[in-house]
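Okay, so here's the structure we're looking at.
Protein chains: 2
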Amino acid sequence: MKQFAVIGLGRFGVSVAATLRAQGHEVLAIDNDEENVQSVQTEELVTQAICLDSTNIHALEELGLQGFDGVILAIGEDLQASILTALNLMELGVKKLIAKATNANHGKILERMNVPQVVFPERDMGKRVAQMMMQSSILESFQLDPRFSVIEMKAPDHVLNRTLAQLNLRVKFGISVVAIKHGGTELAIIPGPDHVISENDLLVIIGDNQGIRHFLQI
Amino acid sequence: MKQFAVIGLGRFGVSVAATLRAQGHEVLAIDNDEENVQSVQTEELVTQAICLDSTNIHALEELGLQGFDGVILAIGEDLQASILTALNLMELGVKKLIAKATNANHGKILERMNVPQVVFPERDMGKRVAQMMMQSSILESFQLDPRFSVIEMKAPDHVLNRTLAQLNLRVKFGISVVAIKHGGTELAIIPGPDHVISENDLLVIIGDNQGIRHFLQI
Ligand SMILES: Nc1ncnc2c1ncn2[C@@H]1O[C@H](COP(=O)(O)OP(=O)(O)OP(=O)(O)O)[C@@H](O)[C@H]1O
Ligand SMILES: Nc1ncnc2c1ncn2[C@@H]1O[C@H](COP(=O)(O)OP(=O)(O)OP(=O)(O)O)[C@@H](O)[C@H]1O
């Protein structure tokens, strides 16, 4: 069981806090808006919630954050508050810090301050939803590197009722089926060459982006 | 080349629009705030940008959205505007609709209206960042289903300089290495039993959540 702090109780911050809490960790939630503090307290989403201004280092010092396993800085809109809070957390020397940035410049400033991990929630989700929109058969995807992705998709018609050996996808498209979800619950991981693909199976595929696109377009 | 519309130019909506445009598609951006419309126009992030109130069906009708390949509804804060716009889009009969919801109730309302795909950007990113925080070695993860995940992580010390056959991870932890990134650029997909794991390799692993946690804790 670890101890984390989340600063900034917008929707993203609250979701981080709730997920950490649901996994059994201690979560200290911080916001300077009393209503936000009250609502996480009422919903029992966190272990403890405090109303304070995180740009004020004296207020933060009392919390012993450097003893926590990590801090998530989830202030978005107010650039100045985010930067000043990041400065405070770096000066306190917290063990692990992930900070949200709302745009490229915000991210560059945090990175130049050597904030160890900067995330771009809206930008990343925007990219993922655009992917869902462009490739209607893709349910989920993540970029392994600029050329390769892992995607989850409904088995297309042209592969149904045939074995993986017959389909020879690695040779034809440069893609590999790493898992097949059958009937919603069964998951075959690294299925063998005799595995037959059935209608409505979900395929988890790794491949280069071009090969995946090609496979989708047939 | 397809044609999409994005309604609501918050950070998420703008990211969806920009990603679609970067892939070469036509993007019509819609917002009732003139400043937001101006800024996507100035930055040339979209093909066309229009200032109108999407809760007004007459304004929407003129756009021929039912002929578009899809529409993304990205209004978050204003629940009423999101619901009314969703109603309009369903009545116009757009081909593909993905709508953003900001919380569980917002999502339930859209789902009950039979909006085909509802996404929760802040909630989902909150979960992913919580994962990054809890498992410091995990770089990226996605949930295949409630029990299985695909994760990308730095090779832990206890597996270095040994072959996959020697490590026997499937038997010991119930996990499979589906790809190994070496030196930042080389990617071995479904590596063979003689593949040796080197320091700084990134492993892409599929396994059940318990097995992954166990593997990480050694
Ligand atoms: N100086 C500060 N000290 C503590 N909390 C702050 C400070 N400044 C802003 N906050 C809080 O940060 C929280 C999150 O900020 P914001 O509303 O910008 O989030 P967001 O990133 O726009 O939204 P979301 O997370 O909902 O996408 C707000 O609840 C706000 O009260
Ligand atoms: N009736 C409407 N017609 C058109 N656009 C609207 C309407 N109501 C709200 N919008 C626009 O929707 C956009 C996105 O809404 P909002 O600010 O709620 O996004 P968000 O989800 O909170 O933020 P983000 O996407 O930045 O995380 C705003 O730019 C707003 O002007």
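Here the protein sequences line up with chains G and D, keeping their order.
Sequence positions in the first sequence follow the numbering used here and run 1258 to 1475.
Sequence positions in the second sequence follow the numbering used here and run 1258 to 1475.
Each residue gets a CB set at the ideal place from its N, CA and C atoms; glycine is no exception.
Nearest to Leu-1317 (chain G) by alpha-carbon distance, out of G:Gly-1333, G:Asp-1335, G:Val-1303, G:Met-1347, is G:Met-1347. Proximity of chain G to Asp-1381 (chain D) at the Cβ level (cut-off 7 Å) is accounted for by Met-1382, in chain order.
For the pair Asn-1362 (chain G) and Glu-1292 (chain D), the Cα-to-Cα distance works out to about 19 Å.
DSSP places Ala-1331 (chain D) in the coil class of the three-state scheme, outside both helix and strand.
Residue-level contact check: Ala-1387 (chain D) touches chain G, since one or more beta carbons of chain G fall below 7 Å from its beta carbon. Using a C-beta cut-off of 8 Å, the segment 1406-1420 of chain G makes contact with the segment 1445-1460 of chain G, since at least three inter-stretch Cβ pairs fall below that distance.
For Glu-1397 (chain G), a Cβ of chain D is located within less than 7 Å of the residue's own Cβ. For Gly-1324 (chain G), the three-state secondary structure derived from DSSP is helix.
Per the coordinates, the alpha-carbon of Asp-1326 (chain D) lies some 6 Å from the alpha-carbon of Phe-1261 (chain D). Per DSSP, Gln-1423 (chain G) is one residue of the alpha helix (DSSP H) stretching across 1421-1424.
For Val-1461 (chain G), the three-state secondary structure derived from DSSP is strand. For the segment 1301-1331 of chain G, the set of residues with a beta-carbon nearer than 7 Å to any beta-carbon of chain D comprises Gly-1327, Ile-1329, in chain order. Annotation for Ala-1286 (chain G): the continuous beta strand (DSSP E) segment containing it runs 1283-1288. Taken from the Cβ of Asp-1326 (chain D), every heavy atom of ligand 2 lies 6 Å or farther away. Against chain D, a Cβ distance below 9 Å from Val-1435 (chain G) picks out Val-1407, Ser-1433, Val-1435, Ala-1436, Ile-1446, Ile-1447, Val-1461, Ile-1463. In the structure shown, the three-state DSSP call for Ile-1454 (chain G) is coil.
Note that the segment 1295-1314 of chain G does not touch the segment 1363-1380 of chain D; fewer than 3 beta-carbon pairs, one per stretch, sit closer than 8 Å. Sequence-ordered contacts of the segment 1339-1367 of chain D with chain G read Lys-1353, Ile-1355, Lys-1357, Thr-1359, Asn-1360 [C-beta pairs closer than 9 Å]. Asn-1313 (chain D) and Ala-1343 (chain D) have their C-alpha atoms some 11 Å from each other.
Ordered by chain, the residues meeting the criterion of a beta-carbon within less than 7 Å of a non-hydrogen atom of ligand 1 are G:Ile-1264, G:Gly-1265, G:Leu-1266, G:Gly-1267, G:Arg-1268, G:Phe-1269, G:Gly-1270, G:Ile-1287, G:Asp-1288, G:Asn-1289, G:Asp-1290, G:Asn-1293, G:Leu-1309, G:Asp-1310, G:Ser-1311, G:Thr-1312, G:Ala-1331, G:Ile-1332, G:Gly-1333, G:Glu-1334, G:Asp-1335, G:Ala-1338, G:Thr-1342, G:Lys-1357, G:Thr-1359, G:Pro-1378, G:Glu-1379, D:Glu-1379.
About 6 Å separates the beta carbons of Met-1382 (chain D) and Asp-1381 (chain G), which is inside the 8 Å limit, making them a contact pair. Between Gly-1350 (chain G) and Gln-1374 (chain G) the beta-carbon gap is near 16 Å, outside 8 Å, which marks them as no contact. Excluding its 5 nearest sequence neighbours in each direction, Ala-1275 (chain D) has C-beta neighbours in its own chain below 6 Å: Leu-1302, listed in chain order. Within the segment 1338-1388 of chain D, the runs of alpha helix (DSSP H) that reach at least 4 residues and sit entirely inside it are, in chain order, 1361-1369. From the beta-carbon of Pro-1450 (chain G), no residue of chain D is found nearer than 9 Å; the closest lies around 12 Å away. Taking all protein chains shown into account, Lys-1429 (chain G) has fewer than 16 neighbouring C-beta atoms within 10 Å of its C-beta and is therefore exposed.
No residue range can be given for Glu-1319 (chain D), since it is assigned to no alpha helix (DSSP H) and is classified by DSSP as neither H nor E.
The beta-carbon of Thr-1276 (chain G) is placed less than 7 Å from the nearest beta-carbon of chain D. Distance from the Cα of Leu-1424 (chain D) is smallest, within the candidate group D:Thr-1442, D:Gly-1440, D:Gly-1449, for D:Gly-1449.
About 6 Å separates the beta carbons of Ala-1331 (chain D) and Ile-1264 (chain D), which is inside the 8 Å limit, making them a contact pair. Boundaries for Ser-1394 (chain D): no beta strand (DSSP E) harbours it, and the DSSP string shows neither H nor E there.
Distance check between Asn-1418 (chain D) and each of D:His-1439, D:Leu-1266, D:Leu-1320, D:Val-1407 places D:His-1439 closest, using alpha-carbon atoms only. The alpha-carbon separation between Arg-1470 (chain D) and Glu-1443 (chain G) amounts to approximately 21 Å. Secondary structure of Glu-1292 (chain G) (DSSP, three-state): helix. Relative to the Cα of Val-1328 (chain D), the nearest Cα in the group D:Ile-1287, D:Arg-1385, D:Phe-1472 belongs to D:Ile-1287. Put simply, the CB of Val-1284 (chain D) is far from chain G, with every gap to its CB atoms at 7 Å or more.
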